[in-house]
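Numbering (this note's numbering), first residue to last: 5 to 451.
Cβ atoms here follow ideal geometry from the backbone N, Cα and C, with glycine treated the same way.
No experiment lies behind these values; they were computed from the predicted model shown.
Right, one structure below, let's go through it.
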Ligand code: S3P
């Protein structure tokens, strides 16, 4: 679906010390899954702390089209009456996922394992993203791709199967989206679906399915992998979900406080799932002054308050094996690395090429536009830090990518010259309260 929209440039300039306590919004991955699990459960699923970003709202609309009754009860508080496994409705219109890769791919899994046909589409960014990685296993399970754009891209017309075959599937890349699509399709299979990943990816689908009463088993596979087995046709029980704070959104606030001189902030309730904390590990290795306070459990995940103070950082070598645990955080890490002393080398970033934008190329371009010495070598990104100093002054192209926009706005708060991003509108897909929360800490942007 092509959206006519007006790009809105935004500029960040050097600001005074950031101070205060903030709570970023709920986790995007868990919020998408809350709606899809709600759809597949008979009875009322209640969600608190849901991320009300555009991406997640697109998934909510798709779930409504597939038969769920969804109601917003208050800020972040939602009620879902599901249709149940095996009882989906066929959507009358195309499902528009906007910018949302996760929403579209996970919903393809749900549709692929049910006897319904649906058209999947989205914005210009989503239309560029590879979907064959999702469609391939679904076809093995019996779904049919009736229409697709060149290279297995949206718009896609997918005909699901009412009796998906239980398969054993080894994901070709570490991807929670592929794993989740297969598991969601496997929910309606008669028998056991197995997914093997050689590098463990985020495990929210597994945890949430278990919480809803599915018979799921996850065990170690090789050195870094997991083998997940799911018994089909479980009777999911409606549950109340509390969504913890998204570490991928918290990352921008944490980075801003590390870079802006004199800053001292607390970011509250950040999810500490070890498959999501790769950035934190890396920042601590770089010498970041981050204290992990009040570790506790919330919504089935460990969370903590993070006290973050401005820090002098040193470049590091980030191992490729860490990529799945910080896959969405390389952009902001590249910005942080621009201020560090010495070189930061980020290894094994091939998956960044197929995100909301080609993040590898776009990050390098954004760094170069701001006077940072950066270079792509194969699948690695190398950033030469300016020992606390970054020129800035660039205009950054964001290619419909929310994280590019937020990362370079953070750069502008600490660089010598203002940084402008060509479009801020996509920030609403994942972090609609980014500007007010930054303002609460003392950082204002100018449009
Ligand atoms: C997500 C998985 C990751 C991540 C995305 C959210 C998820 O994608 O980049 O933002 O919720 O499953 P991949 O599965 O493609 O790595």
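- Proximity to residue 420 across 444, 405 and 392 peaks at 392, based on C-alpha coordinates.
- DSSP places residue 224 in the uninterrupted beta strand (DSSP E) bounded by 220-225.
- Under the 10 Å beta carbon count, residue 253 is surrounded by 16 or more other beta carbons and is classified as buried.
- As computed with DSSP, residue 162 is found in a beta bridge with 122 and 149.
- When the five nearest sequence neighbours on each side are left out, the beta carbons in the same chain lying within less than 6 Å of the beta carbon of residue 53 are those of 30, 80, 246 and 247, in order along the chain.
- Within 7 Å of the C-beta of residue 36 there is at least one heavy atom belonging to the ligand S3P.
- For residue 312, the secondary structure class from DSSP, reduced to helix, strand or coil, is strand.
- Between residue 262 and residue 314 the beta-carbon gap is near 6 Å, inside 8 Å, which marks them as a contact.
- Counting along the chain, the unbroken beta strand (DSSP E) around residue 26 starts and ends at 23-26.
- Listed in chain order, the alpha helix (DSSP H) runs fully inside the segment 322-379 are 334-343 and 363-373, counting runs of at least 4 residues.
- CA-CA distance, residue 183 to residue 124, rounds to 19 Å.
- Within the DSSP secondary-structure output, residue 16 pairs in a beta bridge with 423 and 449.
- With contacts defined by Cβ atoms closer than 8 Å, residue 414 and residue 259 form a contacting pair.
- Under the three-state reduction of DSSP, residue 10 is assigned to coil, being neither helix nor strand.
- For residue 431, the distance from the CB to the nearest heavy atom of the ligand S3P is not below 7 Å.
- Counting only residues of its own chain and dropping the five nearest sequence neighbours on each side, residue 251 has a CB closer than 6 Å to the CB of 274, 275 and 280.
- Under DSSP, residue 73 shares a beta bridge with 85.
- Excluding its 5 nearest sequence neighbours in each direction, residue 19 has C-beta neighbours in its own chain below 7 Å: 264, 417, 446 and 447, listed in chain order.
- Assignment of beta-bridge partners to residue 233 by DSSP yields 198 and 221.
- Counting C-beta pairs with one atom in each stretch, the segment 86-94 and the segment 370-390 have fewer than three that are closer than 8 Å, which means they do not touch.
- Secondary structure of residue 317 (DSSP, three-state): coil.
- Residue 232 sits close to residue 199, with the two beta carbons spaced by under 8 Å.
- For residue 163, the CB contacts under 7 Å within the same chain, skipping 5 residues up- and downstream, are 121, 147, 148 and 150 in chain order.
- In the same chain as residue 439, and ignoring 5 residues on each side of it, the C-beta atoms closer than 7 Å to its own belong to 449, in chain order.
- According to DSSP, residue 245 shares a beta bridge with 51.
- In the DSSP assignment, residue 102 falls outside any beta strand (DSSP E), carrying neither H nor E.
- Here the distance from the Cβ of residue 336 to the nearest heavy atom of the ligand S3P is not below 7 Å.
- For residue 385, the enclosing beta strand (DSSP E) covers residues 384-388.
- With respect to the 8 Å criterion, residue 220 and residue 196 are not classified as neighbours on the basis of their beta carbons.
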